[in-house]
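Peer 1: Following this note's numbering, the numbering of the sequence shown begins with 57 at its first residue and continues without gaps.
So that we are looking at the same thing, I have put the structure below in structure tokens.
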Amino acid sequence: MKYVTYFIIPWLSTMALLWFIMPPSHPSWIKPLSLLAVMLLQTVCFFIMLKLRVLDGTKEQQKRYFGLTEKLYTVTILTASAIYVKGIWVLSPASNPVWIKHLFLGLALLVLVGLALYFAFKKVDEYPDDRFYANLAKAASLTLLLMLVSLMVLSLVTFFVPFILTAGMVLVFSAAMVLIFDIAFYAFEKRGG
Numbered sequence: 057m058k059y060v061t062y063f064i065i066p067w068l069s070t071m072a073l074l075w076f077i078m079p080p081s082h083p084s085w086i087k088p089l090s091l092l093a094v095m096l097l098q099t100v101c102f103f104i105m106l107k108l109r110v111l112d113g114t115k116e117q118q119k120r121y122f123g124l125t126e127k128l129y130t131v132t133i134l135t136a137s138a139i140y141v142k143g144i145w146v147l148s149p150a151s152n153p154v155w156i157k158h159l160f161l162g163l164a165l166l167v168l169v170g171l172a173l174y175f176a177f178k179k180v181d182e183y184p185d186d187r188f189y190a191n192l193a194k195a196a197s198l199t200l201l202l203m204l205v206s207l208m209v210l211s212l213v214t215f216f217v218p219f220i221l222t223a224g225m226v227l228v229f230s231a232a233m234v235l236i237f238d239i240a241f242y243a244f245e246k247r248g249g
């Protein structure tokens with residue numbers, strides 16, 4: 057917990073800087089909502105890192121096992137985050153100096169894709185067994201079912217309230233589906249197959 061103060065002060069100052077850099081949005085609620093979403097996501101990630109004790113620099117922590125399941129979790133979460141960043145990039149309005157939005161979101165996308173590729177090609181010494189394949193198939197089936205149900209509900213809603221589905225919305229939906237797959241795989245893995 058000694059790292060909490062080292063991360064909270066720079067985090068809050070970065071969020072304050074982001075608030076002043078972000079241009080005012082046309083519907084006035086977009087700016088506070090997007091900043092709140094970023095803060096909540098970063099808070100959840102920070103507390104997950106504290107819970108997993110990633111921030112402790114002990115030798116025991118450095119020798120942590122990295123298997124096939126951990127590789128799947130890491131790659132899917134980083135891929136979902138990259139898709140989400142691209143969706144936010146498409147959905148968000150242009151900043152006052154145009155390059156600010158492209159610089160920050162482009163750097164975030166570059167880092168996420170780089171990390172996803174690193175972990176995708178990282179060698180693991182574990183081979184998948186039947187339980188791994190069964191959990192993978194169950195999670196993929198559940199995600200496909202949820203995606204089809206949500207698309208059917210969306211098609212029914214468009215009969216009553218027509219709206220335009222933009223590319224950014226599709227990207228954010230795709231990122232949510234990848235995260236749902238990850239959560240479903242985690243649930244099936246913890247349940248014991």
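Just so you know, even glycine gets a beta-carbon here, dropped at the ideal spot from N, CA and C.
Keep in mind that this is a model prediction, so the values were computed, not measured.
Under 7 Å between the Cβ atoms of Ala172 and Leu124?
Peer 2: Counting from 1 along the sequence shown, the entry for residue 172 is found at position 116. Counting from 1 along the sequence shown, the entry for residue 124 is found at position 68. Against a cut-off of 7 Å, the Cβ pair of Leu124 and Ala172 comes out as no contact.
Peer 1: Starting from Leu179, follow the alpha helix (DSSP H) in both directions and report where the run begins and ends.
Peer 2: Along the sequence shown, read from residue 1 onward, the residue named residue 179 stands at position 123. Note that residue 179 is Lys in the sequence shown, not Leu. Element bounds for Lys179: n/a, residue is neither H nor E.
Peer 1: Taking contact to mean at least 3 C-beta pairs separated by less than 8 Å, is the segment 172–190 in contact with the segment 213–232?
Peer 2: Taking 8 Å as the limit for Cβ pairs, the verdict is that the segment 213–232 does not touch the segment 172–190.
Peer 1: Cutting at 6 Å between CB atoms, please list the residues of its own chain near Lys194, excluding the five before and the five after it.
Peer 2: Along the sequence shown, one-based indexing puts residue 194 at 138. Excluding residues within five positions, the ones whose Cβ falls inside 6 Å are Phe244.
Peer 1: By how many angstroms is the C-alpha of Phe229 removed from the C-alpha of Arg247?
Peer 2: In the sequence shown, the residue the question calls residue 247 occupies position 191. In the sequence shown, the residue the question calls residue 229 occupies position 173. Taking the straight line joining both Cα atoms gives about 27 Å.
Peer 1: Whose C-beta lies closer than 7 Å to the C-beta of Val234 among residues of the same chain, with five residues either side of it excluded?
Peer 2: Here residue 234 is taken as the residue at index 178 of the sequence shown, counted from 1. These residues qualify, in order along the chain: Thr132, Thr135, Ala136, Ile139.
Peer 1: Excluding the 5 residues preceding and the 5 following Ser206 in the sequence, name in chain order all residues of the same chain whose CB lies nearer than 8 Å to its CB.
Peer 2: Indexing the sequence shown from 1 puts residue 206 at position 150. So the qualifying residues of the chain are Phe229.
Peer 1: Could you name each continuous alpha helix (DSSP H) segment of 4 residues or more that falls completely within the segment 159–222, going from the start of the chain to the end?
Peer 2: Fully enclosed alpha helix (DSSP H) runs of 4 or longer: 186–216.
Peer 1: Nearest CA to the CA of Trp155: which residue from Met78, Leu68, Ala176, Ser69?
Peer 2: In the sequence shown, counting from the first residue as 1, residue 155 sits at position 99. Checked all of Met78, Leu68, Ala176, Ser69; the closest Cα to Trp155 is Met78.
Peer 1: Just the C-alpha distance for Leu89 and Asp238, rounded to the nearest angstrom, thanks.
Peer 2: Translated into the one-based positions of the sequence shown, residue 89 becomes position 33. Translated into the one-based positions of the sequence shown, residue 238 becomes position 182. Approximately 25 Å, taken between the alpha carbons.
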